[in-house]
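Below is one structure, written out as C-alpha cells; the observations come after it.
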Amino acid sequence: MIKFLQKPLFYCFIVSFMFVLACKSKVVSKKKENDVTMIKEKLITQKTYNEDSTYLLIANYYQNIEVIKNFKFKVMESSSKKIIFEGEFNGTKLEWHSKTELKGHLYVGMVKEDDASVLEGNTKNNEDKNSYKIIKIKN
Numbered sequence: 003m004i005k006f007l008q009k010p011l012f013y014c015f016i017v018s019f020m021f022v023l024a025c026k027s028k029v030v031s032k033k034k035e036n037d038v039t040m041i042k043e044k045l046i047t048q049k050t051y052n053e054d055s056t057y058l059l060i061a062n063y064y065q066n067i068e069v070i071k072n073f074k075f076k077v078m079e080s081s082s083k084k085i086i087f088e089g090e091f092n093g094t095k096l097e098w099h100s101k102t103e104l105k106g107h108l109y110v111g112m113v114k115e116d117d118a119s120v121l122e123g124n125t126k127n128n129e130d131k132n133s134y135k136i137i138k139i140k141n
C-alpha cells in the first residue's frame, strides 16, 4: 500500500512544486507616465560676408528635424564691428541677395492646386515671387 501511495504522492509533490514556481509574482516596475522624448538640437552659427565684404551676416538657428528654421540674425559692419541690423526670420535658408539686402527663403509646404497659369506656362515666375522674402539692411 505504501508503494501504491508513493508514486501519486511524488507526482502531486512535483506538480505542486511546479505550480508554486509558476505562480511566483515578479515585481513590475511602473513606467513613468510623463515620458518625453527629447529631440537633440544643436545651435548653429553661420557667418557670411556680402559681395564686397563690408557687412557680416551672423545667423543663429537650431539644427533639428524640422524643415522650418527660426533664424535670429545680426548684420555687422566689418570695419567697425558695429551691429547695424538685428532681426528674426522663419524659413529654410537665409543668405545675401545684394550688398545691402538679405534673401530669406520661405517654406512653401504643400504644392498648390493647379490653376490656369499651368496651362500658360507661367508657373516659374509665380513660384519665384512667393518663395523668398527680401530684407533690406540699409537704404
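Counting from 3, one number per residue, gives the positions in the sequence shown under the numbering used here. C-beta: ideal position from N, C-alpha, C; glycine also.
Alpha carbon of residue i to alpha carbon of residue j, nearest angstrom
i    : j   : result
T94  : N52 : 19 angstroms
W98  : F73 : 14 angstroms
S133 : S81 : 33 angstroms
I139 : S55 : 14 angstroms
I67  : I85 : 31 angstroms
I46  : N92 : 15 angstroms
N62  : Q48 : 6 angstroms
Simplified DSSP assignment, three categories, for residue i
i    : result
N132 : helix
L108 : coil
K9   : helix
I139 : coil
Identity of the residue in the options nearest residue i by Cα
i    : options                 : result
G111 : S55, K76, V69 and K42   : V69
I60  : K42, F12, K83 and I67   : K83
Y57  : G106, K44 and E79       : E79
V77  : Y109, K101, M20 and E43 : K101
Residue ranges of each beta strand (DSSP E) within the stretch 67-93, 3 or longer: 71-79 and 85-93
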